[in-house]
Structures are given as structure tokens and as C-alpha cells.
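Okay, structure first, notes after.
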Amino acid sequence: MDLRIKGKRALVCAASKGLGRGCAEALAEAGVNLVINARTEAEITRTAREIAERHGVEVTPVAADITTEEGRARVLAAVGHADILVTNAGGPPPGDWQDWTRDDFIRAIDANMLSAIALMQALVPGMMDRGWGRVVNITSASVRSPISVLGLSNTARTGLTGFVAGMSRQVAGKGVCVNNLLPGIHATDRADSLDGGVASAQGITVDQARAQRQATIPTGTYGTAADFGATCAFLCSQQARFIVGQNVLLDGGALNVTV
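Per numbering that gives the first Met the number 0: the sequence shown = residues 0 to 258.
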């Protein structure tokens, strides 16, 4: 399918690997020029070169921590304007609700809620002025079905979901569609870390921990970054003009609900 976004300009956050890279690859395949960021300069520079060579689009790498004001300023200076924004940041570590302090919650909210809102505040007004824009926030399946050990993530990402629910309706009339993508377990470093934690807690191997988790997913497998990226690219397409304020779940059917 021609997504009809060739020549658009996108900012994709945390794009050196995992789900962020999957989104960057899919947008580049559709002909979108990119600004991509990650914290490690060597990794993001290598990723930019590989994507540009593979898809023949312009890819500008920016090494910055998108969860900080300084990092966002550096990225936004490189972007100028964007037609497409994909927000993404690594989640806070797992733990027990009795151990988390106020500072732990503030760090999680800064990283997984306020950083995305700040980027939208910076870039969406320009999209509205130009009469077209797409925003995809990478959140988590935990906003639909909380994961007890990821309470910091549950809290911050659910806050972002509530913000988008209202804001997306306010900008849709200007041609800007804002939606959230909710990943379940995908084969990324984050899944490796979580599986490692389960393995350590239960005294089993990482492969055994992974097999346990896969058994809870109807597809019997983890998702891939390519699966996720393809959905992101569609939400950024011209054809997605009537999708507004939605939370699109990609979890292989793991969440057992009717609606």
C-alpha cells in the first residue's frame, strides 16, 4: 500500500534499536525523511547511516537524552519542523510499590509522560498551521492491563494516555491525528531485561522464562520491531485521517478482553 507520505519529515525518538528503530525503518521505507535520536552517538549515527543507505531518504542523527530539557532542545533544533512525531522513551525499572519514592515517580513521569507532552507542545502547533500532521506515542499495553512490577510505568503512561484523549480531539479539526501505540511483549532489549528478571527471581534460565511468557500469548511468539513499525507507519499515513485519540494494542492477543 502506498501510504502517500513520501517526502514528509518525521522525528522518531529512541530510534537506534527496538521499537523506535522499527518505526523509523517503516517510515523510511514509505519515503519519509527522518531526524532520529538516541543517547549514544555511535549507535544513532550507525543507525542513521544504515537506514539512509537502505531506503534512500535523508536521515539526521542526534545524540541526546529526549527525557531532559537540554536533550529535547538539541533534537528540536535539528528538526526545525516535523510533519510526523513518534515519541518514545525507555520505561522505568520494575520493582515493588512499597519501595518507590516520590523521586522515583517524578523521574518516571518526566521520562514517560512529560517528555512526550513537551514534544507535542513544540511540534503540533506547526502541524496545525500547515493543516496536516501525525503523532504516534509509544506507550504500553499496561495502560489497558497494568503490570504490577511496572507500577512506575503504569502510572506515567496512563497519565499520557489521559492527556492524549483530550488533546487529540482539540487538534483533529486542523488535520492532525494523535494516537497511541500500546506494545505488548516484543523481541527487544526491554523484553530481554524483563525475562532476565523473571529468570533470576524464579531460579530458571532466560530461555525458560521466555517460554513461560510466550505461552501466555495466543500467537505463541513475541512481536517484532518490524510488526510494530508497520502499524506505526500506517497510523502516520494519509489513509489514517479518521483515526483520532485511539490506543492501538499490539500484543498478539495477550489481553483477553471483548472491547
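We treat Cβ as the ideally placed atom computed from N, Cα and C, and that holds for glycine.
* To do: Verify whether the separation of the beta carbon atoms of S152 and L2 is less than 8 Å.
  => It is not a contact, given that the beta carbons lie outside the stated cut-off.
* To do: Could you spell out where the beta strand (DSSP E) holding P60 opens and where it closes?
  => In the DSSP assignment, P60 falls within the beta strand (DSSP E) that extends over 58-62.
* If you run the structure through DSSP and keep just helix, strand and coil, what is G222? -> Strand at G222.
* **Alpha carbon of K173 to alpha carbon of G55, nearest angstrom** => Using only the alpha carbons, I get a separation of about 31 Å.
* Do the CB positions of R48 and N32 come within less than 8 Å of each other? -> With respect to N32, R48 sits apart: the two C-beta atoms are not nearer than 8 Å.
* Nearest to V61 by alpha carbon, out of E68, L75, A110? -> Looking at the Cα atoms, L75 is the closest of the given residues.
* Between the segment 140-151 and the segment 210-230, do at least 3 Cβ pairs fall closer than 8 Å? -> These segments do not touch.
* Between the Cα of L26 and those of R45, V247, V135, D109, spot the shortest distance and give me the residue it belongs to. => Considering only alpha carbons, the answer is V135.
* Residue ranges of each alpha helix (DSSP H) run of no fewer than 4 residues wholly in the segment 122-172, ordered along the chain? -> DSSP assignment within the segment 122-172 yields the following whole alpha helix (DSSP H) runs of 4 residues or more, N-terminal first: 150-170.
* Can the beta-carbon of V247 be found closer than 8 Å to that of L181? -> Taking 8 Å as the Cβ cut-off, V247 and L181 qualify as a contacting pair.
* When DSSP builds the beta bridges, which residues end up paired with C176? -> For C176, which the question treats as bridged, DSSP gives the partners R133.
* Hey, how far is the Cα of A77 from the Cα of N255? -> Each residue's Cα considered, the two are about 42 Å apart.
* To do: Give every residue of the same chain whose Cβ lies closer than 7 Å to the Cβ of T66, excluding the five residues on either side of it in the sequence, and list them in chain order.
  => Correct list, in chain order: A88, D109, A110, S114.
* Asked: For A121, which residues of its own chain have a beta-carbon under 8 Å away from its beta-carbon, when the five flanking residues on both sides are left out?
  -> Excluding positions up to five away in sequence, the list reads R71, L75.
* Where does L254 sit, in a helix, a strand or coil, going by DSSP? -> Residue state for L254 is assigned as coil, using DSSP reduced to three classes.
* Give the DSSP-derived three-state secondary structure of N87 in the structure shown. => When DSSP states are grouped into helix, strand and coil, N87 belongs to the coil group.
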